[in-house]
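Structure first, commentary second.
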Amino acid sequence: MGLVLPALRADYVAVANCTCLDDRAIRCPPTVLMGDADPRTTPAEVGGWKKHTKNSFRLRLWPGGLFFLDGQEAPLDAEIRETLAVVGRSQAETRAGRTLGGHCWGENTPSQ
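Numbering (the numbering used here), first residue to last: 1243 to 1354.
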């Protein structure tokens, strides 16, 4: 939990202080983890983040509610490794000809 709390706090700070413009999109392929019994949101609501990327979007449902990651260190490690492999393949494709720039945030262009 000590590793997760700083990231969780940062998420709350970002949500409180950040506005996301509809005409902005990230170029990174986000992976969103969610508990399938989360009492505060639905997969459809979380899936709405897809409109903010120009890349692939992965929503991974895990068993549990709001604290679904408790006790899930090994599966979480595997998920992170899989996600990083996906990002690595995406970056390799970019270097092979689909140049999207050297950063994750897109220019002021509509997401597709």
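Where is the CB? At the ideal position from N, CA and C, for every residue including glycine.
Bridge partners of residue i, per DSSP?
i     : result
V1274 : L1301
I1322 : Its beta-bridge partners do not exist; DSSP assigns none.
Whose C-alpha, out of the options, is nearest the C-alpha of residue i?
i     : options                    : result
P1317 : T1295, L1275, D1280        : L1275
H1294 : D1319, P1272, V1328        : P1272
R1302 : V1246, L1263, T1325, D1265 : T1325
K1296 : L1311, D1278, D1265, R1269 : R1269
G1289 : T1261, A1279, P1281, R1300 : R1300
P1305 : V1255, D1253, G1277, A1252 : G1277
G1244 : P1281, E1315, D1280, S1298 : E1315
W1291 : V1246, A1249, D1265, R1323 : D1265
Around the Cβ of residue i, are there at least 16 other Cβ atoms within 10 angstroms (buried) or fewer (exposed)?
i     : result
A1267 : buried
N1259 : exposed
Taking only three categories from DSSP, how would you classify residue i?
i     : result
P1352 : Confidence is the limiting factor: at P1352 the pLDDT is only 37, short of 50, which leaves the residue's position unreliable, though a coordinate-based value still follows. Reduced to three states, the DSSP call for P1352 is coil.
A1256 : helix
Ordered list of beta strand (DSSP E) runs contained in the segment 1287 to 1312, each at least 3 residues: 1300 to 1304
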